[in-house]
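In the numbering used here, the protein residues as written are 13 to 369.
All remarks here apply to the structure that follows.
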């Protein structure tokens, strides 16, 4: 959705760390010590792109062509932003990043026409190469997902009435437009939200796309990235509302979060769960406390997931049926890595870690 994508949401710069005691259905760690720990980046940019590789290595990307990387758990950050002379690299908004190691990553810039681009680095950000420059005037790329280090898809808002996809089989070095014959028609006004890099998802051998701009928001699913089905979610949609992030734990269990970004504290139909691979969706019984732009499963933690947004963050232990607030830290994106660590990023250069011990 173009209007949303150009707006930079202003998040309250609340002090961190924040600790909130919660009742828990997961007895393996003490929630009374659950807290977001801010990792100063010395940046004021908004980071919607987030890709941790481990507890110590993570990449973030965002406004003004900025890309940062840490290899020491966030204690220090290196500015590895691409230098795109003679172009103005600061004109780009890198809303998504997919990192494969300390050295290898790809970043996606949003925008109409040739503002939508993908760059690749193989040397830790010392150099970047443009591997895709959009040539379609009506395309607007939102985000990308990889099922492994080689195979990935990037999605654009509809072109000629259908969501546009490009595909790579070599880790982002080359891209090819996917034939849209297997993609269901988009509805009038339907698009993706470039809010956290998670409106397209690869998990357990399947692909998913989250959409908004229509009521209700919808979720597309595919076995191969070429042939798609679509189902209504239970999330309320509209011009500024719908499904912002969809994530799957396995072939069956998925979570969708969203809401209305113009009503950040609205707590109505902003989260749903699926137990049949996205064929149908059920509304959360106890919803997150506001609009949520990103969600991530915690690996090896059963049905635990964390959601974030501009009005707070929440945790679920039952696969998205019930959510509980974990503090007022406000972020755009969240990614959990391993059993104990979640990373989050947002406005004002904010990056934080949540330790689940």
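C-beta: ideal position from N, C-alpha, C; glycine also.
Secondary structure of residue i, DSSP reduced to three states
i	result
residue 334	strand
residue 56	coil
residue 103	helix
residue 127	helix
residue 76	helix
residue 217	coil
residue 193	helix
residue 329	coil
residue 114	coil
residue 315	coil
residue 307	strand
residue 140	coil
residue 135	coil
residue 297	coil
residue 122	coil
residue 179	strand
residue 355	strand
residue 281	coil
residue 164	strand
residue 170	strand
residue 35	Only weak support is given to the placement of residue 35: the predicted model assigns it a pLDDT of 38, under 50, and the value that follows is read from those uncertain coordinates. If DSSP states are grouped into helix, strand and coil, residue 35 belongs with coil.
residue 69	coil
Minimum C-alpha distance to residue i - residue among the options
i	options	result
residue 334	342, 245, 117 and 279	279
residue 190	164, 201, 213 and 297	164
residue 368	269, 317, 171 and 179	317
residue 141	120, 157 and 148	120
residue 53	172, 293 and 90	90
residue 218	362, 49 and 289	289
residue 353	201, 181, 64 and 95	64
residue 240	231, 195, 277 and 203	195
residue 186	224, 162, 157 and 245	162
residue 260	250, 322, 364 and 315	315
residue 347	323, 311 and 322	311
residue 313	153, 323 and 262	262
residue 137	155, 160, 113 and 235	113
residue 147	115, 286, 176 and 78	176
residue 249	118, 122 and 201	201
residue 156	343, 118 and 139	118
residue 149	303, 135 and 122	122
residue 158	111, 277 and 94	111
residue 197	349, 71 and 232	232
residue 323	94, 287, 277 and 349	277
Nearest-angstrom Cα separation, counted from residue j out to residue i
i	j	result
residue 376	residue 297	The chain is shown only over 13 to 369; residue 376 falls outside these bounds and no answer can be derived.
residue 130	residue 208	16 Å
residue 179	residue 214	13 Å
residue 151	residue 168	6 Å
residue 170	residue 295	27 Å
residue 104	residue 67	28 Å
residue 173	residue 83	43 Å
residue 211	residue 128	16 Å
residue 36	residue 325	Confidence in residue 36 is poor, its pLDDT being 41 and thus under 50, which makes the residue's placement unreliable; the coordinate value appears in the next sentence. Near 16 Å, if we compare the C-alpha coordinates of residue 325 and residue 36.
residue 328	residue 336	7 Å
residue 341	residue 193	43 Å
residue 34	residue 258	For residue 34, the predicted structure reports a pLDDT of 36, less than 50, and the residue's modelled location is therefore unreliable. A value from the coordinates is still provided. Near 25 Å, if we compare the C-alpha coordinates of residue 258 and residue 34.
residue 144	residue 321	30 Å
residue 229	residue 139	39 Å
residue 309	residue 225	25 Å
residue 366	residue 199	38 Å
residue 184	residue 304	29 Å
residue 72	residue 80	5 Å
residue 360	residue 299	27 Å
residue 188	residue 238	12 Å
residue 115	residue 92	11 Å
residue 109	residue 227	29 Å
residue 135	residue 343	29 Å
Within 8 Å, strictly: CB atoms of residue i and residue j
i	j	result
residue 59	residue 358	yes
residue 51	residue 86	yes
residue 206	residue 107	yes
residue 301	residue 284	no
residue 265	residue 331	yes
residue 216	residue 255	no
residue 339	residue 319	no
residue 47	residue 76	no
residue 245	residue 181	no
residue 364	residue 124	no
residue 252	residue 220	no
residue 236	residue 204	no
residue 381	residue 291	The structure shown does not extend to residue 381, since the chain spans only 13 to 369, so no value can be given for it.
residue 62	residue 345	yes
residue 55	residue 69	no
is_contact[residue i, chain C] using C-beta, thresh 8 Å
i	result
residue 323	The structure shown contains no chain C, having only a single protein chain.
Any non-hydrogen atom of the ligand MG within 7 Å of residue i CB
i	result
residue 282	Among the components modelled here there is no ligand, and therefore nothing to report on the ligand MG.
If you scan the stretch 193-279 from start to end, which runs of the beta strand (DSSP E) of 3 or more residues do you find wholly inside it?
212-215, 218-222, 230-234, 240-244, 253-260 and 266-272
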